[in-house]
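J.: One structure is given below, represented as structure tokens, and several questions about it will come after.
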Amino acid sequence: MAVVRLRAPLSELAGGRREVELEGATVAEVLRALERAHPDITGWIIDERGKIREHVNVFVNRESGQEDTTVAPGDRLHVIPAISGG
Numbered sequence: 012m013a014v015v016r017l018r019a020p021l022s023e024l025a026g027g028r029r030e031v032e033l034e035g036a037t038v039a040e041v042l043r044a045l046e047r048a049h050p051d052i053t054g055w056i057i058d059e060r061g062k063i064r065e066h067v068n069v070f071v072n073r074e075s076g077q078e079d080t081t082v083a084p085g086d087r088l089h090v091i092p093a094i095s096g097g
């Protein structure tokens with residue numbers, strides 16, 4: 012299983028959990044598993060086309076990840092929403 016690390020406000024949508032263990036062979040599969048496990052997060056990371064939203068960064072073991080990036084058991088995914096302000 013991969014470990015998905017969530018930052019606020021995404022962790023709040025996952026019931027306050029900051030880390031979730033999930034199965035999946037790619038980033039997209041792991042993120043879809045996250046949506047199934049925590050439906051409130053649906054649409055916040057992956058858009059309707061199955062792509063990671065523009066203002067969300069996903070890292071796999073400290074490397075930038077895309078939807079098709081391979082994920083192995085024990086990998087750590089960090090999902091970081093962009094912070095903006097004026």
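According to this note's numbering, the residues represented by the sequence shown are 12 to 97, in order.
Beta carbons: idealized from backbone N, C-alpha and C, even for Gly.
This structure is a prediction, so every number in the text was calculated from the model and none was measured.
1) Excluding the 5 residues preceding and the 5 following PRO84 in the sequence, name in chain order all residues of the same chain whose CB lies nearer than 8 Å to its CB.
2) Output the distance between the C-alpha atoms of ILE63 and GLU46, rounded to the nearest integer angstrom.
3) Please classify VAL57 as buried or exposed, where buried requires at least 16 neighbouring CB atoms within 10 angstroms.
4) Distance, Cα to Cα, THR81 vs GLU32?
5) Using 7 Å as the threshold, is the C-beta distance between VAL41 and VAL69 below it?
6) Near GLU34, what residues of its chain come up, given a Cβ to Cβ distance below 8 Å and the 5 sequence neighbours on each side ignored?
7) Run the CB neighbour count on HIS66, radius 10 Å, all protein chains shown included, and call it buried at 16 or more, exposed below.
T.: Considering the structure as presented:
1) MET12 and ALA13
2) 13 Å
3) The residue asked about is misnamed: residue 57 is Ile in this sequence, not Val. Label assigned to ILE57: buried.
4) 16 Å
5) no
6) MET12, ALA13, GLU40, VAL41 and ALA44
7) exposed
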